[in-house]
Every structure is written in C-alpha cells, then in structure tokens.
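S.K.: First, the structure itself, so that you have it in front of you.
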Amino acid sequence: MQSSDNIVDTDVLVIGGGIGGHVFAITAKEKAPALRVTLVEKAQAGKTGPSALVGGRYDGFLPETDDFDYYFQSRVEEADFLCDQDKIEDDLKVAGDVFRSLERWGVRFVKNAQGEYDRPLSRGRTAGQLLEGGGVSLMNALNRYARKIGVQFLDRIMVTDLLSNGEAVGGAVGFGVRNGEFYVFSSKATVVATGMTRFKTIQPGHRNDTGDGYAMAYRAEAELAGFDSTHHNTYGARWEFGPGNNLYVGLGGYFLNAKGERFMHKYHPELAERAPFVWLSPSMCVERMEHRAPPIYLDMRHFTPDKMETLWKSIPYAMTKYERAGVIKGNRFVELIEYTPEGPRPMPCGIVTDRNYESRNLSGLFAIGDATSQKGSGALPGAAVGGFIAGAYAAQKASQTSEVSIDPRQVATLKQSCLAPLERADGIEPDHVILALQEAIHPYHVSIIRHEKRLTKALEEVERIRDTQAPLLHAYDSHYLMLANEATSMVLGAEMLLRSALERKESRLGCIREDYRDLDNINWLRYVLLKNDHGKMKVWSEEVPVDRYRLQPKREKHLHPFWQRVQELGYATTVG
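Written out as structure tokens, the structure is:
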C-alpha cells in the first residue's frame, strides 16, 4: 500500500446505500454500539437506485393482519419452488419486527381515513401491499437515523474488489468517482448490498445497478447462483417518467396492442395486466410475433379522481413529469403511453448465502437484497429483512473477531486493475462497450424468448467483447473510470447470464425456452450455480432439497403454463 492511498479501518463494512445496506448498518450499530460501522456508496447513500426510486411501495407481511400461510405459499410459488423455504419462513417470522423498526426509525407509511394502512393490489398477487413511505421518503428517514446513531457514510466511492484469501473476506478496495483517489477498507464483517444488474436498460433511476457486487464476489471466488432467470419490467419506450408500474396496473391500468385491444387477459385470465414479470414481457413478445405489436400502450385515461390522488401521493415525481409533458391535463390522463419490455435483469441471483445471509464459502462476507441468490421476501422488504437478520449476526461476528490482516501485494494488484483505464493514453470508451453488450443481450429473442442457438451466438459476442474490447477500456477522468469499471462488471454479468441460461434445460420462472418448453419437476428442480475456477467460469447445478420442505410440487414434467396458454390461443410457436 502506498502513502497516497486512503486507509479506512472499520469493524463492519457495508457496500451499497439502499434499504438493505441502511437496515444492515443500523441493526449492526444498535446491536453493538461500540462497533465502527461504515457504509460506502458509489453515488449518494439513500438517494439513488431502486430503493429510492421504486414506485412508493413496500410489499411487506404484517403478522397482525396478514395470513402467514398465504404469504409463505405465495413466495414459494412465485419462485417456482427454486427457493430456500427455511429462509422464507425465517424472514416472515421477523417481518413484523422489521416493519415496526422501520417506523421507529422514522419511516411513515400512508394510512386511510380509518387509520388503516392503505394496501392496494400488487402485481402478481391477490392480496395487498403497503403503499407510500417506500421510495425517497423511506430512504431519507433511514439515512437520517443511521447518521444520528453514528454510522459513518462515505459517498461517491466505487468499491471494485473484495480483499479475500480464498477462505475469508477482510475488506475491500475502490476509488473516488470524483477525484480518482484509491481507498483500502479493512473490516471484520463485510456485506455486499449493491443490488442487481440491469445493463443500463431503459428503466429510469436504476442505471447505477451494474452488477458490481456480483463481479467483485466472482473475482473473490465466492459461489453465486440464479443467473439463469431474468425478469423484464416494462417501461415507457419514448419517455422517462420514473417509477410507478406496479401501482399503475394495481390501480387498473390497461395494456393495449397496436390494434387498440387489451391482450393480457388472454394470456393470464386471472391477473391480466397484474400478471408477474415472467408472464407480462413474454406475452408482449408473442403479440409482436403475431404482428399486433409494436407499439404497445399503457392506458390510464379511465382513472378516477381518487386513483389520481393516490398516484399524486405515491409518485409525485413521475406525476409532475406527466403533467409537464401534457400527458396529464385537468388531473386526467389524456394520452396513451407507449410501453416496451426492458432489457434483462437476472434475478433472484447473487452470492449463495446461508440462513444468516453469510456466504456459503467465504467467511465474513454477507450479501442481502438483490446481491444474494436467495431472499425470503421480495423487493424492499426482502432487502430490509435480510439486512435485519444479517446485521445482527454480523455485529456478533465482528465483536468476536480479532484484527484482520491485509495482503499488500493483493491490494497493489487490485489497485492496478481498477485504475488501469485511467492510465491508458488511448483506448475504447465505456459507452462503446456498453452499447455493444446491450445489442448482444437485449433483443427479446435472446433474453426473453430463449433458444440455445441464439443464446450461444450472444455468448460468442459477449466473449468477443470481453477479450477484444474490455481490455482496452479507456477513462479520461474519474467519472469515466467509474463507467469503465461498470462496463467490466456488466460484461462479466452478461457472461454469467448466458452461461447459466444455457445450463437450464427447461422453462421455469424467468427462463422461457423455445427449445425446452416443459417445466420439468423431475429433472430440473435444481439451482444453477457458478464460480471463478482458476480464471474460468465454472457452471453447475445442485438439487433443491424440496423433500424436506413444507411445500412440494408434483414430481412431473409438463408444458410450461405460458407455453400452454400460447398453444391454446393458437399463436406463434417460434420466433423465426
């Protein structure tokens, strides 16, 4: 280590400033106030990413009013049984404590005139969700409370790599995205709370989600899983209005095809527009294959004043933009909004963790939220509950751990690697690599409607980008250095996605295979895992231990429900 390096000694290191990172940091600090807890964020903690920019919703379980068995079964079935049912049960058991803690820390959820929590319908559910208090207001409250109790915040620092000896993690390294200064963090417990990767797709407010946590964990030789499945949200094709999709369909928004027809009820008669991602985007793709799209529109012109009031309370940022653009006039939607599926976001995927959210093969490394392959709840509550459980255990572990040692040679190697684009006199700009990557994996017939030949072709292109373009990434300044490291993370993430997708020989969850249309509970109740094995990506599968769980699917092989519905409708059977 050089004298110019910034050395930060801490007990607990939190990488990522979303809801999971904040809850983890607060819980660890409250459990052991003497511990030094440091949260590092690539942008500004609490102000960016999905936690701050979701559509004002917290899809949580309230034990006082909600049915435990319904929520448990919903979580298991939403995952198509590719889940740790023990972890789901653990999460639901503490969900009430987490919710009450959020309120104690200053979060305020909207209540109706009767003093009850306002809980409109959610995408993919027949039960409600908590509304408002999620998003910016929630994150502001958590950030204020964390600072009040002594959590140290370091913003505008991109962590690129973990310090690991192959058995345990003892810290991390990174650089300042505004000044290029190098940082070395020494820690007794480290949590990756960096979210997922979205490959800088059209979804507004989420473009800092570039899979940096996956990349640093992979290079540290942590085991990862779940990259075979991708979810594709839907967003405005020509406008960036911000969050709110779950709310729009929950309040009764319609999707129309190019003929002006509603179509989602044909694919998912029960939920229609509120169908899960794994139905919604593939259905839009079939509409295209049947020459009824593009365009596809979101229609909210029929919304009543009470629904408009709900939107203004929940997502004022988006509503203000609609109004300024003339989409809302006289407090009514007067225009159709063109929509399209976004690019792929692998989920649920990430570091393989135990019931305490600690890495299965690297001691002292934790992962929560979208950075872990298994969480017991969805979205915000999944990250919050994971942070609550893991923060308590990490505090205990850090309190019992002696000082960690750092290998100066490893630090020097990692420093050279992350700063290399800044040292090159010339090369390829990050945007060039990112665009090439998007063109390889974003087409709907690669990531949404899949086939081995198209996945293989895309993988060959990603390998070409990895081998011929990524090594030449060039940065003019520290901002471009961040983009260059993000591009490196995304190239690695794309390879994880494609290799994992090729491994799964069935259709399940967000892996809809044109060449393997069956959902196979005989041979493929299996996780797809990967690991850095001496510089090569090793991919394998492990059986889900469903025989010891509460809920078990029938051990049978049958046409996936989506493909069955397409067949019943007599629609296209191949992309062509």
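With the numbering used here as the guide, the letters of the sequence shown map in order to residues 270 to 845.
Think of the CB as a built atom: it goes at the ideal place given N, C-alpha and C, for glycine as much as any other residue.
Could you spell out where the alpha helix (DSSP H) holding Ile-703 opens and where it closes?
M.R.: Looking at the DSSP string, the run of the alpha helix (DSSP H) that includes Ile-703 is 699-710.
S.K.: Which residues in the same chain as Asn-448 place their Cβ atom closer than 8 Å to its Cβ, once the five residues preceding and following it in sequence are excluded?
M.R.: Contacts found: Ser-747.
S.K.: Using CA atoms only, rank isn't needed, just tell me which of Arg-834, Tyr-327, Met-485, Gln-271 is closest to Gly-285.
M.R.: Comparing Cα-Cα distances from Gly-285 to each of Arg-834, Tyr-327, Met-485, Gln-271, the minimum goes to Met-485.
S.K.: Ignore the nearest five residues each way along the sequence and tell me which others in Gln-679's own chain have a CB closer than 7 Å to its CB.
M.R.: Around Gln-679: Leu-432.
S.K.: Under 8 Å: do the segment 751-767 and the segment 729-739 share three or more Cβ pairs, one atom per stretch?
M.R.: Yes: the two stretches touch, three or more of their Cβ pairs being nearer than 8 Å.
S.K.: Quick one: residues in its chain with C-beta nearer than 6 Å to the C-beta of Gln-643, no 5 flanking neighbours on either side, listed in chain order?
M.R.: Taken in chain order, the residues that qualify are Asp-353, Lys-356.
S.K.: Can Gly-318 and Asp-478 be called in contact, C-beta distance under 8 Å?
M.R.: Yes. Within cutoff.
S.K.: In the DSSP assignment, find the alpha helix (DSSP H) that holds Glu-556 and state where it starts and stops.
M.R.: Residues 546-558.
S.K.: Hey, Ala-527 and Pro-563: beta-carbon distance below 8 Å or not?
M.R.: Cβ distance < 8 Å, so Ala-527 and Pro-563 count as in contact.
S.K.: Based on the DSSP secondary-structure assignment, which residues constitute the bridge partners of Arg-451?
M.R.: For clarity, residue 451 is Phe in the given sequence; the question names Arg instead. According to DSSP, Phe-451 bridges with Phe-444.
S.K.: Who does Arg-795 pair with in a DSSP beta bridge?
M.R.: Arg-795 is bridged to Glu-812.
S.K.: Ignoring anything shorter than 3 residues, give me the beta strand (DSSP E) runs that lie fully in the segment 454-505, in order along the chain.
M.R.: DSSP runs (the beta strand (DSSP E)) wholly in the segment 454-505: 458-461, 503-505.
S.K.: Between Tyr-504 and the rest of its own chain, which residues show a CB-CB distance below 6 Å, the 5 nearest in sequence each way excluded?
M.R.: Closer than 6 Å at the Cβ level, and outside the excluded window around Tyr-504, lie Ile-471, Gln-472, Glu-611.
S.K.: Do you know whose CA, among Arg-824, Gly-655, Arg-777, lies nearest Gln-833's CA?
M.R.: Nearest C-alpha to Gln-833: Arg-777.
S.K.: With a cut-off of 8 Å, do at least 3 Cβ pairs link the segment 289-304 to the segment 651-660?
M.R.: Verdict: yes, contact present.
S.K.: If you reduce the DSSP assignment to three classes, tell me which class Pro-610 lands in.
M.R.: Looking at Pro-610 - three-state DSSP - the assignment turns out to be strand.
S.K.: Identify, in the order they occur along the chain, each residue of the same chain with its Cβ nearer than 6 Å to the Cβ of Glu-825, setting aside the five sequence neighbours on each side.
M.R.: Within the same chain, Glu-825 has close Cβ partners Asn-790.
S.K.: Quick check on Ile-637: does DSSP put it in helix, strand or coil?
M.R.: In the structure shown, Ile-637 sits in coil (DSSP, three-state: anything other than H, G, I, E or B).
S.K.: Helix, strand or coil, according to DSSP, for Asp-349 in the structure here?
M.R.: Asp-349 falls in the coil class under three-state DSSP.
S.K.: Using DSSP with H/G/I as helix, E/B as strand and the rest coil, what is Tyr-785?
M.R.: Three-state DSSP puts Tyr-785 in coil, outside helix and strand.
S.K.: Please identify the residue among Gly-511, Phe-341, Leu-549 whose C-alpha is closest to the C-alpha of Phe-524.
M.R.: When only C-alpha atoms are compared, the closest one is Leu-549.
S.K.: Using C-beta distances below 7 Å, list every residue in its chain close to Gly-655, excluding the 5 sequence neighbours before and after it, in chain order.
M.R.: Excluding positions up to five away in sequence, the list reads Gly-289, Tyr-626, Ile-637, Gly-638, Thr-641, Lys-644.
S.K.: Check whether the segment 750-758 and the segment 691-703 are in contact - that is, three or more C-beta pairs closer than 8 Å.
M.R.: These segments touch.
S.K.: Is it right to say Phe-337 is buried, meaning 16 or more other beta carbons lie within 10 angstroms of its own, or is it exposed?
M.R.: Exposed, by the Cβ-count rule.
S.K.: Is it true that the CB of Cys-780 sits closer than 8 Å to the CB of Ser-498?
M.R.: It is a contact, given that the beta carbons lie within the stated cut-off.
S.K.: Note down, one range per segment and in chain order, each beta strand (DSSP E) of at least 3 residues found wholly within the segment 587-632.
M.R.: Complete beta strand (DSSP E) runs here, min 3: 606-610.
S.K.: Take Ile-295 and list the residues in its own chain whose beta-carbon comes closer than 6 Å to its own, dropping the five residues that flank it on each side.
M.R.: Excluding residues within five positions, the ones whose Cβ falls inside 6 Å are Ala-415.
S.K.: Here's a check: name, in chain order, each residue in its chain whose Cβ is nearer than 7 Å to the Cβ of Phe-510, leaving out the five neighbours to either side.
M.R.: Only Ala-587, Lys-590, Tyr-591 meet the Cβ criterion.
S.K.: Could you give the distance in angstroms between the alpha-carbon of Gly-762 and the alpha-carbon of Arg-413?
M.R.: Taking the straight line from one Cα to the other gives about 33 Å.
S.K.: Output yes or no for whether 8 Å exceeds the beta carbon distance between Ile-717 and His-501.
M.R.: Going by C-beta atoms, Ile-717 is nearer than 8 Å to His-501.
S.K.: Whole angstroms is fine: what's the gap from Leu-516's alpha carbon to Thr-622's?
M.R.: When rounded, the distance between both Cα atoms is 32 Å.
S.K.: Please classify Gly-439: does DSSP put it in a helix, a strand, or coil?
M.R.: Of the three classes helix, strand and coil, the one that applies to Gly-439 here is strand, per DSSP.
S.K.: I need the boundaries of the beta strand (DSSP E) containing Leu-423, first residue and last residue.
M.R.: Segment 421-423, the beta strand (DSSP E) holding Leu-423.
S.K.: Assess contact between the segment 453-460 and the segment 434-444, defined as three or more Cβ pairs (one per stretch) separated by less than 8 Å. Is contact present?
M.R.: Verdict: yes, contact present.
S.K.: Assign Phe-657 to one of three DSSP states: helix, strand, or coil.
M.R.: Correct three-state label for Phe-657: helix.
S.K.: Count the CB pairs spanning the segment 566-586 and the segment 595-606 that are closer than 8 Å, and state whether there are at least three.
M.R.: Result yes; three or more Cβ-Cβ pairs closer than 8 Å.
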